[in-house]
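In what follows, a structure is listed as C-alpha cells, so that the remarks can point back to it.
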Amino acid sequence: MPVQEQINLTRARAWIEESTRVVILTGAGISAESGIPTFRDAMDGLWARYSAEELATPEAWQRDPALVSKWYEERRRKVLNCAPNAGHLAIARYQNWAKEQGREVIVLTQNVDGLHFRAAKQVNAPEDAIIEVHGSLLRWRCTRTGNETTDLPEPFERHPLPSKFGGFLRPGVVWFGEALPEDAVQRADVSTRNCDLFISIGTSGLVYPAAGWVFEAQRHGAKTLEVNRDPSQHSSEFDLSIRGMAGEVLPSLLPS
Ligand code: OAD
1 MPVQEQINLT RARAWIEEST RVVILTGAGI SAESGIPTFR DAMDGLWARY
51 SAEELATPEA WQRDPALVSK WYEERRRKVL NCAPNAGHLA IARYQNWAKE
101 QGREVIVLTQ NVDGLHFRAA KQVNAPEDAI IEVHGSLLRW RCTRTGNETT
151 DLPEPFERHP LPSKFGGFLR PGVVWFGEAL PEDAVQRADV STRNCDLFIS
201 IGTSGLVYPA AGWVFEAQRH GAKTLEVNRD PSQHSSEFDL SIRGMAGEVL
251 PSLLPS
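FYI, in the numbering used here the residues of the sequence shown are 1 to 256.
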C-alpha cells in the first residue's frame with residue numbers, strides 16, 4: 001500500500017478509536033467483492049445492460065411489470081447465491097466491538113442485497129443497527145395492500161406473481177422517483193446529526209438523499225472518512241478519503 005495510504009489508514013484508525021457514535025454509509029462497492037455488480041461500473045454495471053429508467057421506476061412497472069419482475073427476480077437469485085465478504089464481516093465485527101464498549105455503530109446501506117444482515121447473523125452482531133434505506137430485494141410487496149413477504153417461490157411461476165391479497169408482488173426496493181421508507185429517513189436523520197464519525201464506503205455519492213448525509217454529519221461536527229476504490233462525487237469534501245477495496249481496507253481499519 002502506498003505510503004500516503006498507510007498514513008491515512010493510521011489517522012483513520014485513531015479517529016475510530018476515539019469515536020463513540022459512528023454512522024457507516026455503504027453502497028454497491030462493498031458488495032462488489034461478493035460478486036454483485038455495482039450500478040455504474042462501466043464493464044459489468046447493472047445499467048450497462050439496461051437503462052435505469054427501463055426497469056427501476058414505477059413507470060417501468062406500469063409499462064411492463066413482467067420485465068421488471070423478471071429482472072428483479074434475477075437479481076434476487078444472484079444475491080441469494082452470493083455471500084458476505086471480508087468488508088461486510090469487518091463492519092459486523094466492529095459493531096460487536098462497539099457494543100461491548102458501550103459505543104454505537106449504525107449502518108445505513110443503500111444496498112438491497114441483504115448482505116449486511118447475513119454478515120451480522122454470522123458473527124451475532126446487532127441487526128437493529130442496520131438500516132436498508134433503499135429497501136430490499138428479498139422483500140416483495142403487494143401492490144394492493146402494501147403487505148410485504150419474503151416467502152417467495154423458487155423460481156417464480158409467473159411474472160409478476162399474484163399476491164394473496166388480490167394485487168401483484170413488486171420488489172420491496174425504492175425506485176427512482178419514490179420516497180425512501182419513512183422510518184429509514186428518520187433513523188438516518190437522527191444518526192447523521194448525532195454522530196462523531198461518518199464513514200462512507202463503496203458509493204459514488206450520486207444519489208440523494210443518501211449522498212447528502214455526509215454534509216449533515218459535517219454540519220453537526222462529525223469527522224468524515226471515505227473508503228472507496230475510485231474517487232467519488234464528494235471525495236474532496238471528506239476530511240479523509242482512502243482509496244482501496246473495502247474487503248482489503250476494512251479488516252485492518254476497523255476494530256473487532
Ligand atoms: P455505484 O455503482 O454508483 O458506485 C459504486 C462505488 O463503489 C463506486 O464509486 C466504485 O468506485 C466503488 N467500488 C467498487 N468496487 C469497490 C470495492 N471493492 N471497494 C470499495 N469501493 C468500491 O453504486 P452506489 O453508489 O451504491 O439507488 O449507487 C447509489 C444508488 O444508485 C443505488 O443505491 C441505487 C442506484 O440507483 C436506487 O436504486 C434507488
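No residue lacks a Cβ here, since even glycine has one placed at the ideal position from N, Cα and C. The structure presented is a predicted model; accordingly, all values stated were derived computationally and were not measured.
- By the neighbour-count criterion, in which a residue is buried when 16 or more other Cβ atoms sit within 10 angstroms of its Cβ, residue 145 is exposed.
- For residue 140, the pairing in a beta bridge is given by DSSP as 149, 171.
- Residue 241: member of the beta strand (DSSP E) spanning 240-243, first to last residue.
- Exclusion of residue 109 from the 6 Å shell around the ligand OAD follows from its C-beta lying no nearer than that to any non-hydrogen atom of the ligand.
- In the three-state reduction of the DSSP assignment, residue 162 falls in the strand class, which pools E and B.
- Under the Cβ criterion (8 Å, minimum of three pairs), the stretch 135-143 counts as touching the stretch 158-177.
- Looking at the backbone, the Cα of residue 35 and that of residue 222 are separated by about 32 Å.
- In terms of side-chain proximity, the C-beta atom of residue 221 is found no nearer than 6 Å to any non-hydrogen atom of the ligand OAD.
- Secondary structure note for residue 200: its beta strand (DSSP E) is the uninterrupted segment 197-201.
- Contact between residue 31 and residue 113 holds: CB atoms are separated by about 5 Å, below the 8 Å threshold.
- Restricting attention to 216, 244, 128, 219, the CA atom closest to the CA of residue 226 is found in 244.
- Exclusion of the five residues before and after residue 71 leaves 50, 55 as the residues of its chain whose Cβ lies within less than 8 Å of its Cβ.
- Approximately 36 Å separates the beta-carbon atoms of residue 175 and residue 20; this is outside 8 Å, ruling out the contact.
- CA-CA distance, residue 190 to residue 132, rounds to 15 Å.
- DSSP links residue 214 through a beta bridge to no other residue.
- Distances between the C-beta of residue 229 and the heavy atoms of the ligand OAD include at least one below 6 Å.
- Annotation for residue 253: the continuous alpha helix (DSSP H) segment containing it runs 246-253.
- Remark: the shortest separation between the CB of residue 34 and any heavy atom of the ligand OAD does not fall under 6 Å.
- Secondary structure of residue 24 (DSSP, three-state): strand.
- The beta carbon of residue 213 is closer than 8 Å to those of 23, 25, 108, 188, 192, 198 in its chain, skipping five residues each way along the sequence.
- Between the ligand OAD and the CB of residue 202, the shortest heavy atom gap is smaller than 6 Å.
- Straight across, the Cα-Cα distance linking residue 218 with residue 160 is about 43 Å.
- By alpha-carbon distance to residue 89, the top candidate from 149, 117, 209 is 117.
- Distance from the CA of residue 99 to the CA of residue 155, rounded to the nearest whole angstrom, comes to 39 Å.
- Taking all protein chains in view, the Cβ of residue 80 is surrounded by fewer than 16 other Cβ atoms within 10 Å, so the residue is classified as exposed.
- If you check the CB distance, residue 125 and residue 96 come in under 7 Å.
- For residue 1, the shortest C-beta to heavy atom distance toward the ligand OAD is 6 Å or greater.
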